Amino acid sequence: MSTTDLASPPPSLSPPPPAAGRRILRGTVWLSVRQERTPLLVCGVVLLAVCAWLLFLGTRIGDYVDTQHIQNCNVVHFPAECEQVTSRAIELDTRWLTWVLITGWFLVALPPALGLFVAAPLLAREFESGTYGLAWTQSVSRQRWLAARLGVPLVATLVGSCLLAVVSTWWVGQIQGRFAVPGYYHWFTWLSRATSGPSVVGFSLLGVALGAAVGLVVRRVVASIVVTAALTAVVRVAVDASRYLLTPAREAVADIRMAALPADHQLVFSSSHLPTSTPIESDIVENGLLTSDGQRIPLPGDWLSRMPDGTGVCPTDECSAHQDTIVQAYATYHPPAAEWAMHWTQSGVCLAVTALLVLFCAFWIRRVR
-18 MSTTDLASPP PSLSPPPPAA GRRILRGTVW LSVRQERTPL LVCGVVLLAV CAWLLFLGTR
42 IGDYVDTQHI QNCNVVHFPA ECEQVTSRAI ELDTRWLTWV LITGWFLVAL PPALGLFVAA
102 PLLAREFESG TYGLAWTQSV SRQRWLAARL GVPLVATLVG SCLLAVVSTW WVGQIQGRFA
162 VPGYYHWFTW LSRATSGPSV VGFSLLGVAL GAAVGLVVRR VVASIVVTAA LTAVVRVAVD
222 ASRYLLTPAR EAVADIRMAA LPADHQLVFS SSHLPTSTPI ESDIVENGLL TSDGQRIPLP
282 GDWLSRMPDG TGVCPTDECS AHQDTIVQAY ATYHPPAAEW AMHWTQSGVC LAVTALLVLF
342 CAFWIRRVR
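Numbering of the sequence shown is given in the numbering used here, commencing with residue -18 and proceeding in unit increments.
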């Protein structure tokens, strides 16, 4: 061995610098994406398939409506000029009714499905298998681990649900009121309000946050799915009831005369709506009658039988008992202009609950042993 070889410094044992641009995501975020790559890919494929189907179905229905000239004819509003094309409107209903109903139910089921089958096992699987301990012993704090494990599905859900909200809102606009599908008659019925607008985003994020929170507490995959299913039903009902917090109901009144059902039923020859003149497509909360002393008498609906002189026939015993003092009819309602206020209120409640659930997870992770 030469003297030169002995004097030369040993080669560096440090790893080579990483190539620029080799990896966009690093650390716990990269690990979280890698662990959940299969659910993310499946959800992405389902999202694209659903959007493609909505575009196809909406386009076909829109083309039929345009070519058959039935733009202003639907099951909600059927003016006299539509009587000449009744068969075309019925054909539209017959041809696409089943597909519209299936699609609507599927859209409603997507946010709960995210919570049940993606979010609930997300953290529960980590605790059930014990892999969370490996991450916590690798100089990764609990909060950082939770932020990565929960942040990745929340961000993916936000992006995907925004895309779905745009496409599904357009689709609901194409089919709303045109089909005899329970839930799609009006803008305020449950299918319409759950499958369009920002409500899609709010419900999706809420489903993921709720499922993750349950998984963190329960720590068993199957049990987490069951508990998440029960809580999702309760939370959805509560959120749905809050949709009119910022849009109080309005009231319309009109003068009316009422009488008890006459002995000769032949005198009753017509039926009509209450004369309150509420806007078309309003969400009616309550119909009823007002007495001269301000007492309210609710009615089961807004249709009244009438006698030839225009006097309304009392449909209930309570109405008959106060027929001489009834002076007005009233209708409490939400106008069509309340639709988007309803959507944003509903979404705001969902986002607020989502934020509370994330804060709860950040607090609860400290208690895990």
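Every residue gets a Cβ at the ideal spot worked out from N, C-alpha and C, and that includes glycine.
The structure presented is a predicted model; accordingly, all values stated were derived computationally and were not measured.
Apart from sequence neighbours up to five positions away, the residues of its chain that approach ALA210 with a beta-carbon distance below 8 Å are PRO93 and LEU97, ordered along the chain. Rounded to whole angstroms, the gap between the alpha carbons of ARG224 and PRO289 is 42 Å. Beta bridge pairing from DSSP links ARG231 with TYR314. DSSP places THR272 in the strand class (E or B) of the three-state scheme.
Around the beta carbon of GLY39, a 10 Å sphere encloses 16 or more other beta carbons of the protein chains shown; the residue is thus reported as buried. From the listed residues CYS32, GLN276 and GLY275, the smallest Cα separation to GLY141 is found for CYS32. Using a Cβ-Cβ distance cut-off of 8 Å, the region 324 to 331 and the region 179 to 191 are in contact, since at least three pairs of beta carbons, one from each stretch, lie closer than that value. Proximity of the region 299 to 310 to the region 335 to 343 falls short of the contact definition, fewer than three beta-carbon pairs being nearer than 8 Å. GLU262 is a Cβ neighbour of PRO317, given a cutoff of 8 Å. Within the same chain, THR272 and SER273 come within 6 Å of THR306 by CB-CB distance, once the 5 residues on both sides are set aside. Around ARG76, the same chain offers no residue with a beta carbon nearer than 6 Å, after the five sequence neighbours per side are excluded. Note on geometry: alpha-carbon atoms of VAL208 and MET239 lie some 53 Å from one another.
CYS63 has its alpha-carbon roughly 11 Å from the corresponding atom of GLN49.
Just measuring C-alpha positions, the residue of GLN157, LEU226 and LEU22 sitting nearest ASP74 is GLN157. Secondary structure of GLU262 (DSSP, three-state): coil. Exclusion of the five residues before and after LEU332 leaves GLY183 and LEU186 as the residues of its chain whose Cβ lies within less than 7 Å of its Cβ. For ASP47, the three-state secondary structure derived from DSSP is helix.
In this structure, VAL294 lies near LEU242, with their beta-carbon atoms less than 8 Å apart. ALA137 and TRP152 have their C-alpha atoms spaced approximately 23 Å apart. In this structure, the CA atom of GLY192 is about 5 Å from the CA atom of ALA100.
In this structure, the CA atom of ALA128 is about 18 Å from the CA atom of VAL334. Sorting ASP298, TYR45, CYS24 and SER122 by C-alpha distance to the C-alpha of ARG347 places SER122 at the top. Taking C-beta atoms as the reference points, ARG287 and SER251 count as a pair closer than 8 Å.
Cβ-Cβ separation between VAL89 and LEU172: approximately 7 Å, consistent with a contact (criterion under 8 Å). Judged by beta-carbon spacing, PHE169 lies within the 8 Å limit of HIS315, meaning their Cβ atoms are closer than that value.
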